[in-house]
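Chains as they are written, first to last, in my numbering: chain A, 22 to 240; chain B, 2 to 406. For glycine and all other residues, C-beta sits at the position ideal for the given N, C-alpha and C.
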């Protein structure tokens, strides 16, 4: 009965589990290299990584980054270099999250978190200033009122190596290619092709998955 | 006739009629809301989705929220629309949808000689808003008027997709109305009355099928075929999948209601789903004995509506199931099914039942009748096939294509 088999298929489907995630209540796990909103990182001693070189602003295709550098005050330096970025603004009405700024940055100062759920309601909130982008004293991104952070999501913050790491290149396997950062220390190198293939995707295990991913693949 | 309306008309009689009208109206509105919710939920289930679940418990108030939204949306009027007809069309759709339900008996005492008469506040009446002597013809007439709603909506929009949609709608609904009418004629032939109350009353008796004592529902007394034809034709008449060419999104946007917005669109939407409910109720009335069913406990009167709505619910489920399962027909397939299969079959079955009836009444020789039926049936099928294949060959020849068969 070729005509009637289809009815049985749809009838069976009624009793199966749903594939839809109840999104606002429960978030699906995000890919490790997802481009979210930026953070400005700091070294383990609390110094800012940004040296105000404006390369990110220069490379930005959307022209959404505005940076101004200044000489570090000799008695109280903000960054370990000669200069520091005393103005750093990203306009998220323009940003296309291409991550070119992250590629361009010579000091790993700007990276992207995994957060894309930030629905500001005015243009002033859309322009993230240096104070808002800078990570706090634990190396965690600041949680602004209009951003939807969940438990464990800020563990995914440091994205620099995920964007630029030489995954798959055997020559760099096991070689640490980044400097230490506040709250995390020097992260272990990526394992490249010898890394375990599957990362757990069960959203209930999200926090554990985050930790596992950090350790196993050297984040 | 409704015993309420015979004899002298009193204020109480008017009150009862008003009560029935209001109850039916409110019931239909609530039923449509629940039907839309039910359809969305059920089709999500069949597609492994969740469906509306935020407005109220299990998303029950989703339709209500949508309705409120429709009220507050801007009412766009196309520049080239014929405004008078454009405004009229939604009402031509919605009013027949409401009125058809008036002739459906949803309960009543059909056991014995009561003919469905019940007593409300001391007045004898039927559990249906009206029982006109033309009965089921009113249903056919009103569904024809509903075609005008769709047709005029597309025509008056002054836009191409609505026009294409309404051309499809007109051809489709007119075609399938013929099959629908012929199967209704079969039921009328068995009952001997047009009144829906009489049709239900006639099905309340019992008959013997294959040695089992069963209620004489037209489903089997008419031989199942008219029922199947009626369900198929009704699906097409409702523009439900797999016959939803009228609103084929992939081809003609929204069909006849493409240019409609705000509450005018909501009226079409409402009419569409109300027609699903009414059509299910008509199917139950014509073929499944209406409110007939056993009394399990408590008062008899309560069980009429319960059985009635249980049966209606089965058909609502069926319509959604169709939608979840079947892909849309192509236009020529639709016309082939209607004109070359359903209409000849419905007509043949009507003649067959009429022949059996007369043969029984006149006490003709059974074997002679059976032989005659087989011979005439074979000749008719042969002629139809020959006509169809000749037409196909000529059409192919006109297009310069050779047909192999």
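Look at residue 252 of chain B here: in three-state DSSP terms it is helix. Only those residues of the region 314-337 of chain B whose C-beta falls short of 8 Å from the nearest C-beta of chain A are listed: 322, 325, 326 and 327.
Just measuring C-alpha positions, the residue of B:134, B:141 and B:160 sitting nearest residue 82 of chain B is B:160. Taking 7 Å as the threshold, the shortest C-beta distance from residue 125 of chain B to chain A does not fall below it.
Below 8 Å, enough C-beta pairs join the region 75-92 of chain B and the region 143-153 of chain B to call them touching: three or more.
Ranked by Cα distance from residue 109 of chain B, the options B:280, B:178 and B:128 are led by B:128.
Scanning the region 120-182 of chain B for uninterrupted alpha helix (DSSP H) segments of 4 residues or longer gives 137-157, listed from N- to C-terminal end.
Taken through DSSP and simplified to helix, strand or coil, residue 215 of chain B comes out as strand.
In this structure, residue 228 of chain B keeps its C-beta atom at 7 Å or more from the C-beta atom of residue 237 of chain B. By the criterion of at least three beta-carbon pairs nearer than 8 Å, the region 252-260 of chain B is in contact with the region 161-168 of chain B. About 20 Å separates the beta carbon of residue 148 of chain A from that of residue 105 of chain A, a gap too long to meet the 8 Å contact definition. The C-beta distance from residue 177 of chain B to residue 246 of chain B rounds to 12 Å, too long to meet the 8 Å contact threshold. Annotation: the region 69-142 of chain A contains the following complete segments of the beta strand (DSSP E) (minimum length 3 residues), in chain order: 86-92, 104-112 and 131-133. In chain order, 163, 164, 165, 166, 167, 168, 170, 256 and 257 place their CB closer than 8 Å to the CB of residue 155 of chain B, counting only its own chain and leaving out the 5 sequence neighbours on each side. Listed along the chain, the chain A residues whose CB falls inside 8 Å of the CB of residue 46 of chain B are 34 and 35. Close CB contacts of residue 288 of chain B within its chain, under the 8 Å cut and outside five residues either way in sequence, are with 188, 218, 219, 220, 223, 227, 228 and 231 (chain order).
Burial check for residue 196 of chain B: the Cβ neighbour count within 10 Å reaches 16 or more, so the residue is buried. Among the CB atoms of chain A, none fall inside 7 Å of the CB of residue 41 of chain B.
Boundaries of the beta strand (DSSP E) around residue 61 of chain A: 59-61.
Taking 7 Å as the CB threshold, residue 50 of chain B lines the interface with chain A. Residue environment: residue 64 of chain B is assigned as buried (16 or more neighbouring CB atoms within 10 Å of its CB, all protein chains considered). Between the alpha carbons of residue 91 of chain A and residue 97 of chain A lies a gap of roughly 13 Å. Boundaries of the alpha helix (DSSP H) harbouring residue 278 of chain B: 263-288, taken from the DSSP string. The C-alpha of residue 133 of chain A lies about 8 Å from the C-alpha of residue 55 of chain A.
Taking 7 Å as the CB threshold, residue 31 of chain A lines the interface with chain B.
The C-beta of residue 27 of chain A comes closer than 7 Å to at least one C-beta of chain B. Residue 84 of chain B sits away from residue 325 of chain B, with the two beta carbons spaced by 7 Å or more.
Rounded to the nearest whole angstrom, the CA to CA distance from residue 102 of chain A to residue 129 of chain A is 13 Å. Separation of the CB atoms of residue 205 of chain B and residue 216 of chain B is rounded to 7 Å, and the pair is thereby assigned contact status at 8 Å. The region 151-158 of chain A makes contact with the region 57-76 of chain A; the number of CB pairs closer than 8 Å reaches 3 or more. Per DSSP, reduced to three states, the secondary structure at residue 26 of chain A is helical.
Nearest to residue 272 of chain B by alpha-carbon distance, out of B:14, B:8, B:34 and B:6, is B:34. Secondary structure at residue 259 of chain B: coil, using DSSP grouped into helix, strand and coil.
A distance below 7 Å separates the beta carbons of residue 143 of chain B and residue 100 of chain B. Going by DSSP, residue 315 of chain B is part of the alpha helix (DSSP H) stretching over 301-326.
Residue 402 of chain B sits in coil when the DSSP states are folded into three classes, being neither helix nor strand.
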